[in-house]
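Enquirer: Residue numbers (our numbering), protein chains in the order written: chain C, 1 to 269; chain Z, 1001 to 1248.
Ideal placement from N, C-alpha and C gives every residue a C-beta, glycine not left out.
Please see the structure below; I have some questions.
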Ligand SMILES: Nc1ncnc2c1ncn2[C@@H]1O[C@H](COP(=O)(O)OP(=O)(O)O)[C@@H](O)[C@H]1O
Ligand SMILES: [Mg+2]
């Protein structure tokens, strides 16, 4: 699970921001060392996969043909969960800064509880709790469970991002007759997004990796497809080598994608 | 301009405001008439900002009543956003929107609050930017502008709402001396157009030229008030005298 290492402080001080992620570091252009490291690991991983598949097609090529369905599911779970988590996070963040005691209380309680329980335990809990109330497909339950967990972390990022905008901006907007939600939408959030994006990117990568946990919940993601193959062929070492390499390639690609997005928004100016 | 026979625009009665133990406003009563130019002076921490900010409810008062153009703003039934549309405010720290161009800074509230079309808003904005002398910066982002230029954007932005009252909270205090003049010139021009103005400032020249009335505040209370020529030459209270000696 992604640790929030004092996002608030990291986000509030414009620079230098200490943004240590537990995923592969987002290859930001100004860090040339990391940029090279990204290239080496990416090219290395691809070369390795290719070499294995060609030199020992049985089992490596077979494994490679068996897991794409799982990659798709991993993507689906990750993307759906992140969209949902962003929405939950936005409202949690707004709740956490709200002057309304009830809203604030609910949001704070949610964040405290979620952050105090291991992700795997939460996944089981939400999955089976949902199973009792409504009969959702395994995948939907898994997505909701991931989103609920990550929403709390997103909420803290949104809160810190919003708080990083000087109060004068809100006052100026309000003094022009805007309601607080108009001010939020047109003045505060567009500015906060630049501060919010790098930590959100890190969460995105973390969520992609943590999505492997849903393989325990009867969801046929990348890891589960690997397990299925290994269980039939008894090629445990080979299968997990391949699965690990594919995860590495995907997370590296995702972190690259995020760094391109950040540059577009000017988050690293 | 004679304003003492005009209707009352801002009526404050027995205003008290606390920050914890600190009494930032101490039983302030004040009438401001339509079209009147009021200048607030007083040492730092005397409550000038708090007084101005309580008029558009950026601060909530603890006691007393504030009636703006007939609307009692302390009444929970009053829609404060509607009242704020009629009150422009200019801050010491400009508070222009850094993610919007100069033109969009002036457009934003017109479109969002006044529901004007973008085209209609832009026309009004350009007119106002012309008036404050920065029409050539319309497409720039604020970080490319000097402090004086940013403050003039902020003035245009407030004026675009066509407010009946303009509040200025030390609009030139954060500016380098060479930029103070360009902002004061805009304010003087505005004053001549007859809008109601309340200005907290240490610019005594501006007060002399523009103020119908000068209010001296200390420790959250109004100590003395009068026409600038009287108050500056013959202050009746020792505290006023002491303050003026320091500043003039
Ligand atoms: N948000 C606040 N919290 C606590 N104290 C405040 C706050 N705003 C102002 N004050 C205090 O209220 C008093 C009046 O402040 P202010 O109205 O800003 O004075 P002025 O504008 O004349 O310098 C000061 O003592 C100031 O420290
Ligand atoms: Mg002040």
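Could one say the Cβ of residue 178 of chain C lies closer than 9 Å to chain Z's Cβ atoms, at least one of them?
Expert: It does; some Cβ of chain Z falls within 9 Å.
Enquirer: Under the criterion of a Cβ to heavy atom distance below 8 Å, does residue 1049 of chain Z qualify as lining ligand 2?
Expert: Yes, since a heavy atom of ligand 2 falls inside the 8 Å radius drawn around the Cβ of residue 1049 of chain Z.
Enquirer: Run through DSSP, which three-state label would residue 117 of chain C get?
Expert: If DSSP states are grouped into helix, strand and coil, residue 117 of chain C belongs with coil.
Enquirer: Answer yes or no: do residue 1068 of chain Z and residue 1010 of chain Z have a C-beta to C-beta separation smaller than 9 Å?
Expert: Yes; because the gap between Cβ atoms is below 9 Å, this pair is in contact.
Enquirer: When you measure from the CB of residue 1169 of chain Z to every non-hydrogen atom of ligand 2, does any distance come out below 8 Å?
Expert: Yes, Cβ of residue 1169 of chain Z sits closer than 8 Å to a heavy atom of ligand 2.
Enquirer: Taking 7 Å as the limit between beta carbons, can you name the residues of its chain near residue 27 of chain C, skipping five residues before and five after?
Expert: Only 34, 35, 38, 255, 256, 259 meet the Cβ criterion.
Enquirer: DSSP state of residue 104 of chain C, grouped into three classes?
Expert: Helix.
Enquirer: Using three-state DSSP, classify residue 1033 of chain Z as helix, strand or coil.
Expert: Strand at residue 1033 of chain Z.
Enquirer: Check whether the Cβ atoms of residue 1151 of chain Z and residue 1177 of chain Z sit closer than 9 Å, and answer yes or no.
Expert: In this structure, residue 1177 of chain Z does not lie closer than 9 Å to residue 1151 of chain Z by Cβ.
Enquirer: Would a check of beta-carbon distances place residue 1171 of chain Z closer than 9 Å to chain C?
Expert: Judged by the 9 Å Cβ criterion, residue 1171 of chain Z is not in contact with chain C.
Enquirer: Enumerate in chain order the residues of its own chain whose CB-to-CB distance from residue 110 of chain C is below 7 Å, with the five nearest sequence positions on each side excluded.
Expert: Closer than 7 Å at the Cβ level, and outside the excluded window around residue 110 of chain C, lie 92, 152.
Enquirer: Going by C-alpha to C-alpha distance, which of Z:1080, Z:1060, Z:1103, Z:1087 sits closest to residue 1133 of chain Z?
Expert: The shortest Cα separation from residue 1133 of chain Z among Z:1080, Z:1060, Z:1103, Z:1087 belongs to Z:1103.
Enquirer: Could you give the distance in angstroms between the alpha-carbon of residue 46 of chain C and the alpha-carbon of residue 1135 of chain Z?
Expert: Taking the straight line from one Cα to the other gives about 55 Å.
Enquirer: What three-state label does DSSP hand residue 1097 of chain Z in the structure shown?
Expert: In this structure, residue 1097 of chain Z counts as coil in the three-state DSSP scheme.
Enquirer: Under the criterion of a Cβ to heavy atom distance below 8 Å, does residue 1110 of chain Z qualify as lining ligand 3?
Expert: Among the ligands in the structure shown, ligand 3 does not appear; only ligand 1 and ligand 2 can be found there.
Enquirer: With 9 Å set as the bound, which would you pick, yes or no: does the beta-carbon of residue 171 of chain C sit closer than that to a beta-carbon of chain Z?
Expert: Yes - at least one Cβ of chain Z is within 9 Å of the one on residue 171 of chain C.
Enquirer: Figure out for me which residue from Z:1235, Z:1219, Z:1242 has the closest Cα to the Cα of residue 1022 of chain Z.
Expert: Here the closest residue by C-alpha is Z:1219.
Enquirer: Give me the Cβ distance between residue 1107 of chain Z and residue 1154 of chain Z, rounded to the nearest whole Å; I'm assuming they're in contact under 8 Å.
Expert: About 14 Å separates the two Cβ atoms, so there is no contact after all.
Enquirer: Check each residue of the stretch 1062-1074 of chain Z: if its Cβ is closer than 7 Å to any Cβ of chain C, include it; give the result in chain order.
Expert: Cβ contacts with chain C come from no residue of the stretch 1062-1074 of chain Z.
Enquirer: Measuring alpha carbon to alpha carbon, tell me which residue in C:79, C:229, C:71, C:248 is nearest residue 62 of chain C.
Expert: Looking at the Cα atoms, C:229 is the closest of the given residues.
Enquirer: Answer with buried or exposed for residue 83 of chain C, where buried requires no fewer than 16 other C-beta atoms within 10 angstroms of its C-beta.
Expert: That one is exposed.
Enquirer: Just to confirm the assignment, what range does the beta strand (DSSP E) spanning residue 1064 of chain Z have?
Expert: Note, residue 1064 of chain Z: beta strand (DSSP E), 1063-1068.
Enquirer: How far does the beta strand (DSSP E) with residue 1224 of chain Z in it reach, from first residue to last?
Expert: Start and end: 1221-1226.
Enquirer: Since residue 1033 of chain Z contacts residue 1065 of chain Z with CB under 8 Å, what's their CB separation in whole angstroms?
Expert: Not a contact, Cβ separation roughly 17 Å.
Enquirer: Fully enclosed by the stretch 38-89 of chain C, which alpha helix (DSSP H) runs are 4 residues long or longer?
Expert: Within the stretch 38-89 of chain C, the complete alpha helix (DSSP H) runs of at least 4 residues are 57-66.
Enquirer: With residue 1198 of chain Z as the anchor, note down where its beta strand (DSSP E) starts and where it stops.
Expert: 1196-1200 is the extent of the beta strand (DSSP E) around residue 1198 of chain Z.
Enquirer: Within 10 angstroms of its Cβ, does residue 226 of chain C collect 16 or more other Cβ (buried), or is it exposed?
Expert: Residue 226 of chain C is buried by the Cβ-count criterion.
Enquirer: Under DSSP, the alpha helix (DSSP H) around residue 1183 of chain Z begins and ends at which residues?
Expert: Note, residue 1183 of chain Z: alpha helix (DSSP H), 1177-1191.
Enquirer: Using a Cβ cut-off of 9 Å, pull out every chain Z residue sitting near residue 68 of chain C, in sequence order please.
Expert: Result: empty, since nearest Cβ-Cβ is about 42 Å, beyond 9 Å.
Enquirer: Using a Cβ cut-off of 9 Å (strictly closer), state whether residue 1125 of chain Z contacts chain D.
Expert: Annotation note: the requested chain D is absent from the structure, which comprises protein chains C and Z.
Enquirer: Take residue 1050 of chain Z as the anchor and find which of Z:1198, Z:1242, Z:1189 has the nearest alpha-carbon.
Expert: Closest option to residue 1050 of chain Z, Cα to Cα, is Z:1198.
Enquirer: Quick check on the burial criterion: 16 or more other C-beta atoms within 10 angstroms. Buried or exposed for residue 135 of chain C?
Expert: So residue 135 of chain C ends up on the exposed side.
Enquirer: Could you name the residues of the same chain whose beta carbon sits closer than 8 Å to that of residue 188 of chain C, not counting the 5 residues immediately before and after it, in chain order?
Expert: Excluding sequence neighbours, residue 188 of chain C sits near 162, 165, 169, 170, 173.
Enquirer: From the DSSP output, read off the bridge partner residues of residue 1028 of chain Z.
Expert: Paired residues: Z:1015.
Enquirer: Can you determine whether any heavy atom of ligand 2 sits closer than 8 Å to the C-beta of residue 1092 of chain Z, and answer yes or no?
Expert: Flag set: Cβ of residue 1092 of chain Z near ligand 2.
Enquirer: Looking at the C-beta of residue 168 of chain C, does it have a partner C-beta in chain Z at a distance below 9 Å?
Expert: Chain Z, which has a Cβ nearer than 9 Å to the Cβ of residue 168 of chain C, makes this yes.
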